[in-house]
Amino acid sequence: MHRQWLFHFQRRSSAPVSPSRPLSLLLLLPLQTQRTSSRISQSQIAAILEARPIVDSDGKVCAVYGGIPDDVDFMENVHNPAVEALEQARAEASISEARTFHRRGNFAAISGGVSYGGGKLRPGPVVNGVINATIFQSLIGNAAFIRLAGFASSLFATWAPNLFDFYVDYMGLFFSKYSDMCRPFLNSIWSACTFNLGPWTCALGHRDFANLAFRWCSITALGFFDHVKGGHLILWDCKLILEFPPGCTILVPSAAIFHSNIPISMSERRYSFTQYTSGGIFRWVEHDFQMEKQYFANLTKDQIKEEQELGLQRAVDGAGLFSTIKELKSMAA
Ligand SMILES: [Fe+2]
């Protein structure tokens, strides 16, 4: 495949990724027993600062609890302004009550960026009405979300460098061809994002099936809630329940793992910020920038069979892009 770079992102092979902090060898997030208030104190921040990988049965990092950036002013300068912006967005957004009920739960949301799927003929920008489009532009221009977006993307590059390279290649090819489209954040690899406006953003059990089975999306929890009592992320297939404090970012293959949140109380507020790239965009690139139907129409029977086998192999190869702790340590050395 012809390689092109995506703006300032570079493949690890040409520019080694330096972890933003030392890699942790802890495999699972230990459960906290200490009860915390709905507002995270500075001392509690230290406990959630460190990133921790989640490994699969092959010893590969399949998800990561990313914690928060190593910044004592993070909650005050990033988390709280982000919450304020989302609360303002919820007050001003044009979202009917009916649209707050969807398969992921009962909460308002505004999405944007570039996507492909759901019967669209080709990839394109997520369409919003004038009011919500304006709100989306305001949110992606907010310094707090730019910071959160970049942090999540750096976690991705650190903990899944091979998969990140895969994104760089495909996103590079895509956005080089469609220069009229752009990602929501120049400092982040994903092509789309969603602001979940709550006020009680707690997802029902689901898989994000529109995405590639092995791809990672990022989820950042925001708001004021007791993370020991509620808001946990349940990764059903991994049999894991993770505390998910406000400000923390977790990266998961959300198409492959069935996931949901534990509810919070009605007196609390929880929001989230997610970033992702739809699987349709990868397939669009793979199929020479055309619909699957058109692509297969030009193939012989043998070529179609070969492609179908290749498709199955891609899912296997995709999971193979995850890294072991040993590989990550050798890259960081
Ligand atoms: Fe999800």
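Sequence positions in the sequence shown follow our numbering and run 1 to 333. Ideal Cβ placement from N, Cα and C applies to all residues, glycine included. Note that this is a predicted model, so its numbers are computed, not measured.
In or out: residue i buried (at least 16 other Cβ within 10 Å) or exposed?
i: Ser330; result: exposed
i: Gly118; result: exposed
i: Glu243; result: buried
i: Ala51; result: buried
i: Ser254; result: buried
i: Pro30; result: Model confidence at Pro30 stands at a pLDDT of 34, short of 50, so the residue's coordinates are unreliable and nothing is read from them.
i: Leu121; result: exposed
i: Ile304; result: exposed
i: Thr277; result: buried
i: Ala336; result: Residue 336 is absent from the structure shown; the chain starts at 1 and stops at 333.
i: Leu28; result: Only weak support is given to the placement of Leu28: the predicted model assigns it a pLDDT of 36, under 50, and the value that follows is read from those uncertain coordinates. Leu28 is exposed by the Cβ-count criterion.
i: Glu127; result: Before going on, a small fix: residue 127 reads as Val here, not Glu. By the neighbour-count rule (16 or more Cβ atoms within 10 Å), Val127 is not buried but exposed.
i: Asn298; result: exposed
i: Ser323; result: buried
i: Ala333; result: exposed
i: Trp159; result: buried
i: Trp236; result: exposed
i: Leu310; result: exposed
i: Glu334; result: This structure cannot speak to residue 334, because the chain is shown only from 1 to 333.
i: Leu328; result: buried
i: Asp70; result: exposed
i: Thr201; result: buried
i: Asp169; result: buried
i: Gly129; result: exposed
i: Ser272; result: buried
i: Phe145; result: buried
i: Phe282; result: buried
i: Gln290; result: exposed
Among residues of its own chain, excluding the 5 on either side of residue i, which ones have a beta-carbon nearer than 6 Å to its beta-carbon?
i: Gly320; result: none
i: Val252; result: Ala63
i: Arg95; result: The displayed chain sequence assigns Ile, not Arg, to residue 95. Ala108, listed in sequence order.
i: Glu307; result: none
i: Tyr167; result: Ile189
i: Ile234; result: Ile241, Ser260
i: Ser111; result: Val126, Thr194
i: Ala203; result: Arg104, Gly105, Ser260, Asn261
i: Pro81; result: Ala144
i: Met181; result: Val114
Can you give me the Cβ contacts of residue i inside the same chain, cut-off strictly under 7 Å, excluding the 5 residues immediately before and after it?
i: Gln137; result: none
i: Tyr295; result: His287, Asp288
i: Gln34; result: In this predicted model, Gln34 has a pLDDT of only 32, less than 50, meaning its place in the structure is not dependable enough to derive any value.
i: Ser57; result: none
Report yes or no: is there a C-beta of chain B within less than 8 Å of the C-beta of residue i?
i: Asp169; result: The structure shown has no chain B; it contains just one protein chain.
Counting only the same chain and skipping the five closest in sequence on each side, list residues whose C-beta sits under 8 Å from that of residue i.
i: Gly150; result: Phe185, Asn187, Ser188
i: Gly67; result: Ile48, Leu49, Glu50, Ala51, Arg52, Cys248, Thr249
i: Ile131; result: Glu92, Ala93, Ser94
i: Arg207; result: Ser254, Ala255, Ala256, Ile257, Phe258, His259
i: Gly113; result: Pro125, Val126, Arg183, Pro184, Trp190, Ser191, Ala192, Cys193
i: Glu292; result: Arg283
In this structure, what does DSSP give as the bridge partners for residue i?
i: Tyr276; result: Ala192
i: His206; result: His259
i: Cys340; result: The shown model of the chain, from 1 to 333, leaves out residue 340, and the question about it has no answer.
i: Trp200; result: Arg270
i: Ser330; result: Paired residues: none, contrary to the question.
i: Ser323; result: BP columns for Ser323 are empty, so no partner.
i: Ala63; result: Ile54
i: Ile234; result: Ile241, Ser260
i: Val83; result: Per DSSP, none; premise fails for Val83.
i: Leu222; result: Tyr271
i: Val114; result: Pro125
Quick one, which of the options has its alpha-carbon nearest residue i's?
i: Ile140; options: Val72, Pro125, Arg183; result: Arg183
i: Asp73; options: Ala108, Val126, Ser260, Arg147; result: Arg147
i: Tyr65; options: Phe156, Pro199, Phe145, Gln275; result: Phe156
i: Leu222; options: Asn106, Ile264, Ser115, Leu163; result: Ile264
i: Met266; options: Phe225, Met291, Ala256, Gly279; result: Phe225
i: Gly205; options: Val228, Ala89, His259, Gly231; result: His259
i: Leu197; options: Val83, Asn77, Ala152, Glu327; result: Val83
i: Phe87; options: Arg270, Lys301, Leu310; result: With the sequence shown as reference, residue 87 is identified as Glu, and Phe is not the correct amino acid for it. With distances taken between Cα atoms, Glu87 lies closest to Arg270.
i: Gly280; options: Thr274, Glu76, Ser191, Ser218; result: Ser191
i: Phe175; options: Phe209, Asn77, Ser115; result: Ser115
i: Val179; options: Gly124, Cys202, His232; result: The sequence given here has Ser at residue 179, not Val. That would be Gly124, whose Cα lies nearest to the Cα of Ser179.
i: Cys217; options: Asn106, Gly129, Thr274; result: Thr274
i: Arg104; options: Phe282, Ile262, Glu292; result: Ile262
i: Phe214; options: Lys239, Lys301, Asn162; result: Asn162
i: Ser153; options: Pro199, Thr220, Ala203; result: Thr220
i: Pro199; options: Lys301, Gly231, Cys238; result: Gly231
i: Ile408; options: Glu76, Ala85, Asn80, Lys177; result: Lying before the first or after the last residue shown, residue 408 is absent from the chain, which here runs from 1 to 333.
i: Val78; options: Pro246, Lys177, Cys238; result: Pro246
i: Ala351; options: Gly59, Met75, Ala133, Glu76; result: Because the chain here runs from 1 to 333, residue 351 falls outside it and cannot be looked at.
Would you check whether ligand 3 has a heavy atom nearer than 7 Å to the C-beta of residue i?
i: Arg147; result: Although ligand 3 was asked about, the structure shown includes only ligand 1 as ligands.
**Request:** May I have all residues whose beta carbon comes closer than 5 Å to any heavy atom of ligand 1, sorted in chain order?
**Result:** Asp208, Ser254
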